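S.K.: Got a structure for you, questions after.
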Amino acid sequence: MASGLEQSGTGKSPNPSYVKNPHLDLMKEDFLYHFDLGTATHDLPAMFGDVKFVCVGGSSSRMKSFIQFIAGELKLGDPKDEYPNICAGTDRFAMYKVGPVLSVSHGMGVPSIAIMLHELIKLLHHARCSDVTLLRLGTSGGIGLEPGTVVITRQAVDGSFVPQFEQVILGKKVLRSTALDETLAEELLQCGKQLNDFETVIGDTMCTLDFYEGQARLDGAFCSYSEEDKRRYLNEAYRAGVRNIEMESTVFGAMCKMSGLQGAVVCVTLLDRLQGDQMTSSHDLLLGYQLRPQRLVGSYIKKKLNAV
Ligand code: R2B
Ligand code: URA
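Numbering (the numbering used here), first residue to last: 51 to 358.
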């Protein structure tokens, strides 16, 4: 039986702790296994205490190119410089830092990003960071949008268009709310409009556990529905407010809410799912699309840092 939606993490107190786990206080040390970083082996406050923006994305090379880009934008370094991978001791996730910006890869799908976010939130806690904004920069399939459109998520919804994240804990289904920060989404939308270089919209994002059947594709190894079934489902999603589909936003929203971190999901659409399933655009066009969330978030961070 699913319990009701959990209420947690208001993020309203002046210096909230991002972690909510009494057991952590009883541990002499904490090793963040998938980052290969630990409280006993690293001076986390010295390494990360100044972090204000954490940008996360699926691919390690994209998160490396983001740190190079943002270093140039903020005039904190040469984009052509090499930025060391702070998590070089593991190949699970990659992490880069320049000034107050941390860039971390999360792999594909809910389980992968959830592991990364647990360790990231603990890292921010151990480093005594405050007022951190967490931004996911990603790719997605659009519904009824010109490919290349950037979607800022209003709320992440599951495959039934419900804004909830379901997880089995101790054998019971637990439902968590996935709503994201409305003010942050509006501010990001304004940045997109000011860049005036590509379409930017706010809409609901559907998060699935699979790229193929979970996203109503006809081109997976297995498919038990017709093209008409697919069309009906995607049209229904559109009518429910869904504008794009990806694979991490529900747990991202839930963990932002539980930690009290201000969070946003900014994804470019690589194709219009009403037109097809395969990614047939040229490699260069797709690479150019993937820079759009970086440019939008880059302009947001620049604006915030120049404003203080
Ligand atoms: C978007 O793209 C990936 C699948 O290709 C997945 O991580 C996502 O959310
Ligand atoms: N990522 C997804 O999850 N789906 C798409 O269609 C494209 C990128």
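Using N, Cα and C, we set each Cβ at its ideal position, and we do this for glycine too.
Note that this is a predicted model, so its numbers are computed, not measured.
Between residue 265 and the ligand URA, is the CB less than 7 Å from at least one heavy atom?
M.R.: Numbered from its first residue, the sequence shown carries residue 265 at position 215. Within the cutoff, so yes.
S.K.: In the DSSP output, which residue or residues are listed as bridge partners for residue 191?
M.R.: The residue you call residue 191 lines up with position 141 of the sequence shown. BP columns for residue 191 point to 295.
S.K.: What are the boundary residues of the alpha helix (DSSP H) that residue 103 is part of?
M.R.: In the sequence shown, residue 103 corresponds to position 53, counting from 1. No alpha helix (DSSP H) contains residue 103, which is instead part of the beta strand (DSSP E) from 103-107.
S.K.: Using only alpha-carbon positions, find the residue among 133, 234, 348 and 102 that is nearest to residue 111.
M.R.: The residue labelled residue 111 in the question sits at position 61 within the sequence shown. The residue with the shortest Cα to Cα distance from residue 111 is 133.
S.K.: Considering just the uninterrupted stretch of the alpha helix (DSSP H) at residue 113, what are its terminal residues?
M.R.: The count along the sequence shown starts at 1 and reaches residue 113 at position 63. Run containing residue 113: 110-123, per the alpha helix (DSSP H) assignment.
S.K.: CB of residue 297 to nearest heavy atom of the ligand R2B: below 7 Å?
M.R.: Counting from one through the sequence shown, the residue named residue 297 turns up at place 247. Under cutoff, so the answer is yes.
S.K.: Under a Cβ-count criterion, where at least 16 other Cβ atoms within 10 Å of its own Cβ denotes burial, should residue 360 be classed as buried or exposed?
M.R.: Any property of residue 360 remains undetermined from this structure, which presents the chain solely from 51 to 358.
S.K.: My understanding is that residue 300 touches residue 257, with C-beta atoms under 8 Å, so please give their C-beta distance in whole angstroms.
M.R.: Along the sequence shown, read from residue 1 onward, the residue named residue 300 stands at position 250. Along the sequence shown, read from residue 1 onward, the residue named residue 257 stands at position 207. At roughly 4 Å, the Cβ-Cβ gap stays under 8 Å, so residue 300 and residue 257 are in contact.
S.K.: Residue 315 to residue 190, Cα distance in whole Å?
M.R.: For the purposes of this step, residue 315 is taken as the residue at position 265 of the sequence shown. For the purposes of this step, residue 190 is taken as the residue at position 140 of the sequence shown. Answer to the nearest angstrom: the Cα atoms are 11 Å apart.
S.K.: Excluding the 5 residues flanking residue 157 on each side, which residues of the same chain have their C-beta closer than 8 Å to its C-beta?
M.R.: Here residue 157 refers to the residue found at position 107 of the sequence shown. Taken in chain order, the residues that qualify are 108, 142, 143, 163 and 166.
S.K.: My guess is that residue 232 and residue 223 are in contact by the Cβ rule of under 8 Å, so how many angstroms apart are they, rounded?
M.R.: On the sequence shown, residue 232 is found 182 positions in, with the first residue counted as 1. On the sequence shown, residue 223 is found 173 positions in, with the first residue counted as 1. About 27 Å separates the two Cβ atoms, so there is no contact after all.
S.K.: Is residue 159 a contact residue of the ligand R2B, with contact defined as CB to any heavy atom under 7 Å?
M.R.: Reading the sequence shown from its first residue, position 109 is the one you call residue 159. Yes, the beta carbon of residue 159 sits closer than 7 Å to at least one heavy atom of the ligand R2B.
S.K.: Tell me whether the segment 246-261 and the segment 190-209 touch, counting them as touching only if at least three CB pairs, one residue from each stretch, are closer than 8 Å.
M.R.: Yes, since at least three Cβ pairs between the segment 246-261 and the segment 190-209 fall closer than 8 Å, the two stretches touch.
S.K.: Here's the rule: buried if 16 or more other CB atoms are within 10 angstroms of the residue's CB, otherwise exposed. What is residue 242?
M.R.: In the sequence shown, counting from the first residue as 1, residue 242 sits at position 192. Label assigned to residue 242: buried.
S.K.: Going straight from the alpha carbon of residue 52 to that of residue 214, what length do you get?
M.R.: Your numbering for residue 52 matches position 2 in the sequence shown. Your numbering for residue 214 matches position 164 in the sequence shown. For residue 52, the pLDDT reaches just 44, beneath the cut-off of 50, and the residue's location in the model is therefore unreliable, although a value from the coordinates is still provided. If you take the alpha carbons of residue 52 and residue 214, they lie about 12 Å apart.
S.K.: I need the straight-line Cα distance from residue 64 to residue 90, nearest angstrom please.
M.R.: By 1-based counting over the sequence shown, the position of residue 64 is 14. By 1-based counting over the sequence shown, the position of residue 90 is 40. With a pLDDT of only 48 at residue 64, under the threshold of 50, the placement of this residue in the model should not be trusted, and no figure is reported.
S.K.: Under three-state DSSP, which class holds residue 332?
M.R.: On the sequence shown, residue 332 is found 282 positions in, with the first residue counted as 1. In the structure shown, residue 332 sits in coil (DSSP, three-state: anything other than H, G, I, E or B).
S.K.: Three-state secondary structure (DSSP) at residue 226?
M.R.: For the purposes of this step, residue 226 is identified with residue 176 of the sequence shown, where counting begins at 1. Looking at residue 226 - three-state DSSP - the assignment turns out to be strand.
S.K.: Does the distance between the C-beta of residue 188 and the nearest non-hydrogen atom of the ligand R2B fall short of 7 Å?
M.R.: For the purposes of this step, residue 188 is identified with residue 138 of the sequence shown, where counting begins at 1. Yes; taking the cut-off as 7 Å, the Cβ of residue 188 has a heavy atom of the ligand R2B nearer than that.
S.K.: With DSSP as the reference, identify every bridge partner of residue 322, one or two as the case may be.
M.R.: As a working note, residue 322 is residue 272 in the sequence shown. DSSP, once it has assigned bridges, lists 192 as partnering residue 322.
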